[in-house]
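Shown next, in structure tokens, is the structure this report addresses.
Set out below in structure tokens:
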């Protein structure tokens with residue numbers, strides 16, 4: 042049985058059931074054992090390596106505000122924004138089961154008739170909504 046997430050890179054594919062498994066597969070198997078600084082450094086190094094063929098500005102958390110234009114940028118707010126930004130490079134394709142809400146929770150699933158959604162096709166919409174939600178929550182907590 043297929044899992045919730047299928048990552049396709051060239052002729053290889055990886056199946057995952059959680060976002061944590063996706064991060065461990067695409068960033069570092071020991072990612073969740075790292076300090077906050079080590080995580081950011083790891084994401085930054087991976088972003089630089091993955092944007093060599095498609096130059097993208099890399100945005101760290103300190104660079105991101107509600108006015109920041111996120112288009113064609115590698116957003117390193119956290120591991121989820123890294124994964125979504127990675128999709129923009131075209132190096133991987135991420136498919137998510139329609140019944141899953143790991144990356145596609147903001148999408149109206151009634152519009153789809155297939156079992157899997159190609160997350161790459163909606164990455165800008167998903168990333169913008171996710172970052173705006175995080176920024177709104179952080180402003181509320183202040």
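Numbering (the numbering used here), first residue to last: 42 to 183. Think of the CB as a built atom: it goes at the ideal place given N, C-alpha and C, for glycine as much as any other residue. From a predicted model like this one, the values you see are computed outputs, not experimental measurements.
Exercise. Please go through the same chain and pick out, in chain order, the residues whose beta-carbon is closer than 8 Å to the beta-carbon of residue 92, but skip the five residues on each side of it.
Key: For residue 92, where only same-chain residues beyond five positions count, the Cβ hits under 8 Å are 99, 115 and 130.
Quiz item: Does at least one heavy atom of the ligand SAM sit under 7 Å from the Cβ of residue 59?
Solution: No copy of the ligand SAM appears in this structure; indeed no ligand is present at all.
Quiz item: Apart from the five residues just before and just after residue 43, which ones in its own chain have a Cβ nearer than 6 Å to its Cβ?
Solution: Here the set comprises nothing.
Exercise. Report buried or exposed for residue 171, applying the criterion of at least 16 other Cβ atoms within 10 angstroms of its Cβ.
Key: Residue 171 is classed as buried because its beta carbon has at least 16 other beta carbons within 10 Å across all chains shown.
Quiz item: If we count the other Cβ atoms within 10 Å of its Cβ and call it buried at 16 or more, is residue 79 buried or exposed?
Solution: By the neighbour-count criterion, in which 16 or more other beta carbons inside 10 Å mark a residue as buried, residue 79 falls on the exposed side.
Quiz prompt | Own chain partners of residue 52 with C-beta closer than 7 Å, once the 5 adjacent residues on each side are dropped | solution = Around residue 52: no qualifying Cβ.
Quiz item: Span of the alpha helix (DSSP H) holding residue 120?
Solution: Run containing residue 120: 120 to 129, per the alpha helix (DSSP H) assignment.
Quiz item: Can you pull the DSSP bridge partners for residue 46?
Solution: The bridge partners DSSP lists for residue 46 are 57 and 137.
Practice problem: Grab me the residues of residue 137's own chain with a C-beta within less than 7 Å of its C-beta, minus the 5 sequence neighbours each way, in chain order. | Solution: If we look at residue 137 and ignore the five residues flanking it on each side, its Cβ neighbours are 45, 46, 143, 144, 145, 157, 158 and 160.
Quiz item: Going by Cα to Cα distance, which pick from 108, 83 and 97 is closest to residue 201?
Solution: Beyond the ends of the chain as shown, which are 42 and 183, falls residue 201; an answer cannot be given.
Quiz item: Any idea what DSSP makes of residue 157, helix, strand or coil?
Solution: Correct three-state label for residue 157: strand.
Quiz item: Where does residue 101 sit, in a helix, a strand or coil, going by DSSP?
Solution: The answer is coil: DSSP assigns residue 101 none of H, G, I, E or B.
Quiz prompt | Within 8 Å, strictly: CB atoms of residue 111 and residue 169 | solution = Yes; because the gap between Cβ atoms is below 8 Å, this pair is in contact.
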